[in-house]
Amino acid sequence: MTPSRGLQDTHNRIIRDLRVSITDRCNFRCAYCLPETEEAANFYRSNQTGNKPSNRETKLGYPWKPKSQILSFEEITRIIRVASSLGVNKVRITGGEPLLRRNVESLVADIATLGTVDDLSLTSNGTHFPRLAKRLKDAGLSRITLSLDSLDRENFKKITGRDGLDDVRESIRLAKTLDLTPVKVNAVIIRGLNDHEIEDLAKFAIDEQIVMRMIEFMPLDSGRAWQRDHVVPGAEILQRIKARFSLSALPSQHPAETATRWSLGEGCAEIGIIAPVTQPFCGQCNRIRLTADGNIRTCLFSVHEHDLKPMLRDGSSDDALASMLQGIVLKKEPGHRIDQPGFVQPERSMSCIGG
Ligand code: SAM
Ligand code: SF4
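Following this note's numbering, the numbering of the sequence shown begins with 230 at its first residue and continues without gaps.
Put into structure tokens, the structure is as follows:
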């Protein structure tokens, strides 16, 4: 039963979607998320004429949180159970790289067994997916999103810091075979880095009959090197694809959908454009996030977090936890302020927040 009020904020948005980061660790070093070297953090600054690499101190990587601060699977499942009692029915497991966490399939099974989550998905960079795919499917995973920013081996390495192209391609093939569908593939498009591959990525979606989602680069990189002119606006991405392929607009499946969707060619290939920077969708946002160390973030760009750990570990009841969640959601920000003066980039990078 959903207690009265559920999870509703002061802007009448009802929270149904919980993104759960289960680890802040990652085996990749994506330049837009967790760059490893000063050069990687700076690549887009130095690529641009007139944009000298800044002397600003960049924070490379992130000291991993100690295990004692990371939520156990029991604690995560409990939060999901309580959130479900308040109306959450969609859960995405993410990270860091969620498949680095040992026995992740047992967490999937625990969540699936709750019987309250209609859509249980997971986002991965694909390195460990081929090994775990069957177990995840058997445990009750509904579908998978994989990240793939380049089809060129060298560029893939440059962007992610790792030689992982073959693993992602194999993961896409396997996800289709196991019917973890629709298989969605995320590509963050960055000017001067992979924007020359937009058409190739669209063609890849047709060849593989998958949903390719092109995402605007957001200021959530640990290198703090994001600049506005390296964002390729969603409208530009769309126009480039339209110039080469036959597209038809797809109806929105849900008001809180982040992507505008287009069918691509004759089959079931799709393009999704996710444009949080140039076309914010905050007014319809129905998401909150749980970090691996037990903090609720009411927005990707929150500068304040709400720590659930003390309550999880001091014997508080589920009712108390539910009230706490309701109180936190009341503080959900009206929207991000990326384009406004005084915008403050969150302290933690996407790898800690959970994309
Ligand atoms: N490690 C997994 C992966 O990469 O798929 C899951 C976590 S990752 C943080 C989730 C998604 O966030 C990825 O698809 C990634 O491309 C996206 N992401 C990370 N940093 C981003 C940024 N600065 N702007 C836009 N998307 C970003
Ligand atoms: Fe790791 Fe994913 Fe961030 Fe890349 S985007 S560094 S794979 S968490």
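Glycine included, C-beta positions come from ideal geometry on N, C-alpha and C. The structure displayed is predicted, hence computed values, not measured ones.
Beta-ladder partner(s) of residue i, from DSSP
i: L363; result: Reading the sequence as shown, one finds Lys at residue 363 and not Leu. Its beta-bridge partners do not exist; DSSP assigns none.
i: H535; result: I525
i: S353; result: L375
i: Q237; result: I243
i: R516; result: D246
i: D568; result: Answer by DSSP bridge pairing: none, since D568 is not bridged.
i: D348; result: K319
Euclidean distance between Cα positions of residue i and residue j
i: V397; j: S492; result: 23 Å
i: S283; j: A454; result: Its pLDDT being 41, under 50, S283 is placed unreliably by the model, and nothing is read from it.
i: T487; j: L315; result: 22 Å
i: S580; j: P509; result: 21 Å
i: R577; j: L449; result: 7 Å
i: D408; j: T374; result: 13 Å
i: R518; j: L476; result: 33 Å
i: F228; j: A431; result: As displayed, the chain neither begins before 230 nor continues past 584, which places residue 228 out of reach and without an answer.
i: L529; j: G325; result: 14 Å
i: R516; j: I500; result: 22 Å
i: V337; j: D392; result: 28 Å
i: E304; j: L541; result: 7 Å
i: I439; j: S546; result: 43 Å
i: P264; j: K387; result: 10 Å
i: I309; j: K538; result: 14 Å
i: G584; j: T520; result: 10 Å
i: H425; j: K561; result: 37 Å
i: K281; j: I503; result: Confidence is the limiting factor: at K281 the pLDDT is only 41, short of 50, which leaves the residue's position unreliable, though a coordinate-based value still follows. Rounded to whole angstroms, K281 to I503 spans 29 Å at the Cα level.
i: G523; j: R566; result: 25 Å
i: G494; j: T410; result: 19 Å
i: H535; j: A498; result: 39 Å
i: V573; j: C511; result: 17 Å
i: A434; j: A464; result: 19 Å
i: I582; j: V249; result: 9 Å
i: G564; j: S400; result: 34 Å
i: W293; j: L300; result: 14 Å
i: A551; j: H240; result: 20 Å
i: N332; j: Q569; result: 43 Å
i: V461; j: K366; result: 35 Å
i: L377; j: P575; result: 25 Å
i: I470; j: R457; result: 22 Å
i: R490; j: G544; result: 45 Å
i: T507; j: S379; result: 23 Å
i: P480; j: T306; result: 33 Å
Extent of the continuous alpha helix (DSSP H) to which residue i belongs
i: V320; result: It is not in any alpha helix (DSSP H) - V320 instead sits in the beta strand (DSSP E) that spans 319 to 323.
i: S313; result: 302 to 314
i: N384; result: 382 to 389
i: D339; result: 333 to 343
i: S259; result: The sequence given here has Cys at residue 259, not Ser. It is not in any alpha helix (DSSP H) - C259 carries neither H nor E in the DSSP assignment.
i: I299; result: Segment: none, I299 is in no alpha helix (DSSP H) and carries neither H nor E.
i: I251; result: I251 -> no alpha helix (DSSP H), and no H or E assigned at all.
i: S580; result: 579 to 582
Span of the beta strand (DSSP E), counted from its first residue to its last, around residue i
i: G501; result: 499 to 503
i: N561; result: Reading the sequence as shown, one finds Lys at residue 561 and not Asn. Unbroken run through K561: none, as it is neither H nor E.
i: L493; result: 489 to 493
i: S477; result: 476 to 478
Anticipated Cβ contact below 8 Å, residue i with residue j, distance rounded
i: I322; j: L343; result: Not really, about 13 Å apart at Cβ, beyond 8 Å.
i: K319; j: R245; result: 6 Å
i: N415; j: I444; result: 6 Å
i: G236; j: V317; result: For the record, residue 236 in the displayed sequence is Leu; it is not Gly. So it is a contact: roughly 7 Å between Cβ atoms.
i: I419; j: F446; result: 5 Å
i: L247; j: A312; result: 5 Å
i: S335; j: F302; result: 6 Å
i: L394; j: R402; result: Contact flag wrong, Cβ pair sits at about 13 Å.
i: R258; j: G390; result: 3 Å
i: K413; j: R442; result: 6 Å
i: L329; j: N256; result: 6 Å
Original post:
Which residue spans inside the region 405 to 463 form an unbroken alpha helix (DSSP H) run of at least 4?
Top reply: 427 to 437
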